[in-house]
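Enquirer: Going line by line, the protein sequences match chains X and R.
The first sequence begins at 1 in this note's numbering and counts up by one.
The second sequence begins at 1 in this note's numbering and counts up by one.
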Amino acid sequence: MSKFGLERRTFLKGILGGAAVSIGVPALDAMFDGNGTRLAFGQAIPKRFGIWFFGNGIRRAHWIPDQAGPAWVAKEEMAPLATAELRPYVTPVTGMVMMADPNNHPHHSGMAGIFTGQRYFLNGNVRDTISSSFDAPSIDQVVAERWQADPATRAPYRSLEVGICRFRGSDEGTTFQHLSHNGPNNVNPAEYQPIRLFQRLFGTPLSAQLDQARQSVLDAVKADTRALKQRLGASDKARLDQHLESIRSIELRLGTTRAQCATPARPDATYPEPNGQEPIAEKNRVMSDILAMAMACDLTRVFSVLFSSAGAGTVFWMAGAQNGLHQIAHDERAQGPEPQPTLHAAQVFTMQQFAYFLERLRTTPEGAGNLLDSCAILCATELSEGMVHTNDEFPIVLAGRAGGAMQSGFHYRSNRENTTNVLLTLLRAVGDPRPSFGAGTGLSSTVIPSLLT
Amino acid sequence: MRRTSVFCLFLSACSGSVGDPSELGTDGGPGPGPGPREDGGTVVVEPPPPPPFAPAPGTLQRLTRTRYLSSVQDLLGPGLNWPTDLEVDTPLFGFTSVGASTLTIGPRAAEQYEAAAMSLAHQIFTDATRREAFVGCVPSGAADPCVRSFLGRFGERAFRRPLSGDELDRWQLVVTNIEASLRDVWTGLELATAGLLQSPYFLYRVEVGSPDPADATRYRYDGYELATRLAYFVWGSTPDDELLAAAGRGELDTTAGVEAQTRRLLASPRSKDGLLLFFFEHLKLDRLEGLTKSPTAFPQFTPAMGPAMRDEILRLVEAEVLGEGGDFRRLLTSQRGFINDDLARIYFMPSAGPQLTEVNHPANSPRRGILTTAGFLALNAHETISSPTYRGRYIRQSLLCQDIPPPPANVNPTVPEAPVNSGPQTFRQRLEALHLSNPTCAGCHQLMDPLGFGLEGFDAIGAYRTTDNGLPINASGTLDGRAFKNAAELVEVLADHRDLGACLAKVTYRHATGHKETTGETRTLRAVTAPFVESGYQFDALVVAIATSDGFRYAKVPE
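This is the structure:
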C-alpha cells in the first residue's frame, strides 16, 4: 500500500495536469513540511534505485570527457546528458576496469560483472556458443530485497523491469536476454509492451473482496509447493524457494488498497514497426513516463531498464543504420576519413533516450526537489568499445543524488579502479552498510568517497 | 567403428578445440580427441568406448509458453480468450525445454500465472451452462460429493496424475473457505480451478522418478511421469485421458507399452504440431516473425515475407520429414517448395496467390531443400548482405553438432574494404582475406565460412543471384574432404554426411528430455541413432527410439 495514501492524489493531479509538468508550486507546499524534505504527514521522501542498460559499448574517444571534476565538458556522444538542466545530476565515471573477469568473453563478462561485481555463471561446460547467467543477484535486486524486507521501505512492487528495443540477440543464456537477475538462471524478464506495464500498474484491479479468496488459493498453492520440495534435489528446491518468494510478493499486495494516484496517459495498444522500423523513441518515451509515475505514486522504488541487450542487434534506423548495432560496430571502419558515422549517430540517439528518462524524473516535482533528486541510477553497457570487445575503460554514468547521499555533477576520473567499487558506493548511497560487494577478482571493499556527500 | 577427424588448425587466439566432433553425448570440455596439430592436417583416432549408461537427474520443467497454452486449451476446451500476457521463454542450448528446466518463476511470472488462471476460470464459471458442463454436476455446497469428484477429475488432468487424499482435502478446503466467505460454492469452484492452474504440479512437469525395482542404482520415471514426457514430446501438450489411463494400468512400465502409446500419439494428427515445435526451435524460426532487412538494400522486402518464409519451412518439414515414409535427408535435398505471392517475388516465380501453394523446383533450379529456402537464407544473413559465416556455422553446429569456439577478445573483426586500386571484390574474397588468411581467425572460420560460400548464390533475403559486386559468384568448396561446386552439390554432400543422423538424434533428444545431454547418456544417444539411420532417417523411427530409450525412461537417484 502506498504510504502516501489519499493525500498523494492532490499532489499527483498537479503532475498530470498537462504535458508541461511545471505545476503551481504553492499547491504543493501544504503537502510537505517546512524544509521540503519530508511529507507533511511525517514520512521521508523515499530513495529510489535503478539501472539503465544499453548494449554494445561506446567509443572512448567520443565519450570520455577531457577534464576531470566539475568542469567536465561532454564529448559528443555523452552530450545529451550534459544539458544545463541535467548536468548537475549526472556523473560520468571513467577509467574503471572490469576486474570481475577481464576479457574472457567480453559481452558476458562485462554484463554480469557490472551488475553483480563477479564473474558470470557458466551454464555447463560447452565449447561452442557460450551460455551464461549471472552468478548472483544483479544490484537492482540486491537493493530490492533489502527494501522489500523492511515495511518502512517496502513498495507494492518490489521492482519493475522494462525493455525498450526488441530483443534480437542470440541464444547465449540469460546474460544476453535479460537484465534483472535474482541469481543464476533466475530472472525478472522485462516488460516490452507499454500497455501491459500500464495495465499492471494502473488498470482495474481485481475486486478487493476477492483478496481473501485469493489468499486461500495461494495458501493451497504454497502447500503444494512445499510438499513438492520434499521430493527434489537441492537445485530444484532452490527454484521452488524462488517460486514461494514470488508468491509472497503477490500476497504482500493482498488486502491493501491501491494507491490513490493519478494515472498517466494510456499508451497505445501496440507500437507498429512500419518497414520493420522499431519506434524506439516513442516506446522509450511512454515507458519512461509510466516508470516515472510508478515511482511518483510509490508503486515501486526499484527499476531496471533494458534499453537494448548485450551485443545489441538493434537496428537504429533513425541513425541511418541498415544493420544491427553489433554488426555495424564491427564493420564500420574507424580509420580513414569516415569516423563511423552510423555508430556515432546511434550512440547519440541512445543517450538522448536516457536523457529523456532522466529529464522525465527531473521534471516530476517532489517535496522541495524532484524525483531525480531521490534516485540513484547506474547507467552502463557491457564493454568498452563494441568494435574490439574490450573491458578496460569501462563506461559508467551515474545519475541522481540518492536523496542527497550522492555527490553529482562532476566527472570522476579513476586510475584503473575496480568497477565494483562503484557498485559498493551506490549501495552505500542507498543506505546499505555492507562492507564489501562482488566476489573473486571483482570483489570490492572500497567505497569511492568523492562520489558520496 | 566411427572414425574421427580433426578439421582445422587451432592457434592460441582461437582458444578451444574442436575436440572430437563425431563423439556423441559429450558434456563439453575439451573432448578426448587429439590435440591440435601445427600443420593443420588430419588426425584419425578411434574414440574410446562410451562409459556405462548413467541416467541424468530428473527434471522439473516449467511449462513453456507454448506448452502452457496448448495445455490449458486441452484442459478447458475451446472458445476462451487465451492469455497473452505470459513470460517469454528463455532457450538454453537451443531449446526452450532446457531453459524451462533451469529457470525459475520470478515475481512477475507468478503474477502473470495468477492473472491468467483467474481469467480462464472466470470465463468458464461466469457462464452457467459452461460451468455445469465443466464441473459435471450442480453442487449444493462445498461438502457435496460433486465438488470432490470434480476436483479429482479436473485435478488429475491438470496435474497429469491422480491427486492424493491430502491434496483433495487441501483443494476442497479452498472451496469450503471461499464458499463461507463469499457465500457461493460456484465461486469456490472457480477459484479452486484457478488455484489448480497455479499449482506447481500443473506449472512444472514433475519428473523425478522413483526407485527402479529392477535396478537399485537408478530411478525409473513412473507411468504418469512417462505419459507426461511422451505427450509433451510428441504432441507438445498435456496427456489425454487414454494416455493417463494407460499409465494407471501400468502399461508404461514396459518397453512394448511405451512403444504402443508412442505409436498411437504419432498416428494422431496432433503429433504434427508437437513435432513441428522441435523443428521450429531447432531452426530458430521464431526469428522469422519479426524479420527485418534493410529497406535500402532490399526495397522489395516486406514484413509479411518473414512469416511466409517460416510457414514454408514448416510445410516442407511436414511434407518431407513427418509421418510414415518421412526422410530427414529429404529436408536437405527436396525439390519441393511452398510459395505464395510474397515468396514468389523472392523466388522469381509467377504469382501464386495469398496462400502457400506447393511447387516443384525444376531440375535446373538452384533450389534444393531447406538450406536454399528463403527463410533459412534470410535468417542466416545480415540486414544488408549474406553471411557465409552464419550459414556455415548453422550447418556445422546445428546440423553436424560440431563445436566452434567463440571469437577471442580484443580482435578487430572489421571486414576490410577492398584496396582502392585493386578493383571490385566479392564478399567471399573479402572474407577470405580477413578470416581465412589471418591465422588468428582462420582456425575457427575455416570451419564455417567455406560451407557458407556454397550458399553465396543467394543474397540476404534468399533471392538467387549469379554475381556479387559485379563479379561471378564462386559457390564451390569442400565439406570434410568432399568437394562441391554449388548449393545443390553442397546439400547432397551434407545429406550423405556421417554425422547428420547422430546430430539430429542428439538435438531431438535434448529437446525431448529438456536437459543438455551428459556423458552418461552417450550409449543412449548411440542407441537411438542406429535405428533412425537404419530406417532411412525416418523421424518417426527416431521418436520411437527416443521414447523407448533408457535415457528417456530412467533418472539418476537424487543425491
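The beta carbon of each residue, even a glycine, is placed where N, CA and C say it ideally should be.
Keep in mind it's a predicted model, so treat the numbers as computed, not measured.
#1: By the 7 Å beta-carbon criterion, what residues does the segment 231-243 of chain X contribute toward chain R?
#2: Please classify G41 of chain R: does DSSP put it in a helix, a strand, or coil?
#3: Rounding to the nearest angstrom, what Cα-Cα distance links A261 of chain X and A44 of chain X in this structure?
#4: Since I believe A399 of chain X is in contact with L427 of chain X (beta carbons under 8 Å), could you give me their beta-carbon distance rounded to a whole number of angstroms?
#5: Sort R:P55, R:E432 and R:L436 by Cα distance to V208 of chain R and report the nearest one.
#6: Does DSSP put Y232 of chain R in a helix, in a strand, or in coil?
#7: Can you name, in chain order, every residue of its own chain whose Cβ lies under 6 Å from the Cβ of G462 of chain R, other than the five neighbours on each side?
#8: I'd like the ranges of any beta strand (DSSP E) spanning at least 3 consecutive residues and lying wholly in the segment 289-321 of chain X.
#9: Name the two residues that bound the continuous beta strand (DSSP E) containing C375 of chain X.
#10: Considering only their Cβ atoms, is the gap separating N182 of chain X from P151 of chain X smaller than 7 Å?
#11: Please report whether the beta-carbon of D135 of chain X lies at a distance below 7 Å from any beta-carbon of chain R.
#12: For I247 of chain X, return the contacting residues in chain R, with the cut-off set at a CB-CB distance below 8 Å.
#13: What does a CB cutoff of less than 7 Å around T225 of chain X pick up in its chain, not counting 5 residues either side in sequence?
#14: With 7 Å set as the bound, which would you pick, yes or no: does the beta-carbon of Q407 of chain X sit closer than that to a beta-carbon of chain R?
#15: Could you spell out the range, first to last residue, of the alpha helix (DSSP H) harbouring L343 of chain R?
#16: Could you name the residues of chain R that Q322 of chain X contacts, counting a contact when the two beta carbons are closer than 7 Å?
#17: Rounded to a whole number of angstroms, what is the C-alpha to C-alpha distance between L86 of chain R and T96 of chain R?
#18: Using the three-state DSSP reduction, which class does D215 of chain R fall into: helix, strand or coil?
#19: Inspect the beta-carbon positions of V258 of chain R and A527 of chain R and report whether they are closer than 7 Å.
#20: With contact counted as at least three CB pairs below 8 Å, one residue from each stretch, are the segment 195-202 of chain R and the segment 102-117 of chain R in contact?
#21: Considering M305 of chain R, what are the terminal residues of the alpha helix (DSSP H) in which it resides?
#22: Give the DSSP-derived three-state secondary structure of H382 of chain R in the structure shown.
#23: Would the beta-carbon of M98 of chain X fall within 7 Å of that of G110 of chain X?
#24: Rank X:K229, X:A380, X:G233 and X:V162 by C-alpha distance to the C-alpha of F198 of chain X and give the top, closest one.
#25: Hey, quick one: how far does the beta strand (DSSP E) through R62 of chain R stretch, first residue to last?
#26: Does the structure place the segment 459-477 of chain R close enough to the segment 431-440 of chain R that three or more beta carbon pairs sit under 8 Å?
#27: How would you list, in chain order, the residues of chain X whose beta-carbon sits under 8 Å from the beta-carbon of N380 of chain R?
#28: Between R:S210, R:A214, R:L203 and R:L191, which has its C-alpha nearest A213 of chain X's C-alpha?
#29: Exposed or buried, what is S140 of chain R when buried is set at 16 or more other beta-carbons lying within 10 Å of its beta-carbon?
#30: Which residue comes first and which comes last in the alpha helix (DSSP H) that contains G165 of chain R?
#31: Verify the CB distance criterion: does Y201 of chain R have a CB-CB separation below 7 Å to chain X?
#32: Under a Cβ-count criterion, where at least 16 other Cβ atoms within 10 Å of its own Cβ denotes burial, should V138 of chain R be classed as buried or exposed?
#33: Is it the case that the segment 292-300 of chain R contacts the segment 320-329 of chain X, given that we only count it when at least three CB pairs across the two stretches are under 8 Å?
#34: Compute the distance between the beta-carbons of S216 of chain X and V174 of chain R, then report whether it is under 7 Å.
#35: Run the CB neighbour count on E242 of chain R, radius 10 Å, all protein chains shown included, and call it buried at 16 or more, exposed below.
#36: By alpha-carbon positions, which one of R:Q397, R:T333, R:S387 and R:P366 ends up nearest to D449 of chain R?
Expert: So, from the data block:
#1: R231, L232, G233, D236, R239, L240, Q242 and H243
#2: Any answer about G41 of chain R is weak, because its pLDDT of 45 lies below 50 and its placement is not dependable; what the coordinates show is given next. Reduced to three states, the DSSP call for G41 of chain R is coil.
#3: According to the sequence as given, residue 261 of chain X is Cys; it is not Ala. Between C261 of chain X and A44 of chain X, the C-alpha separation is close to 18 Å.
#4: The pair is not a contact, with the Cβ atoms about 16 Å apart (cut-off 8 Å).
#5: R:P55
#6: helix
#7: I346, A374, L377 and A378
#8: 302-306
#9: C375 to A380
#10: no
#11: no
#12: A110
#13: L240, H243 and L244
#14: no
#15: D341 to Y347
#16: S294, T296, A297, E383 and T384
#17: 14 Å
#18: strand
#19: no
#20: yes
#21: M305 to E320
#22: coil
#23: yes
#24: X:V162
#25: T59 to R62
#26: no
#27: Chain X residues near N380 of chain R: none, gap ~12 Å exceeds 8 Å.
#28: R:L191
#29: exposed
#30: G165 to L182
#31: yes
#32: exposed
#33: yes
#34: yes
#35: exposed
#36: R:S387
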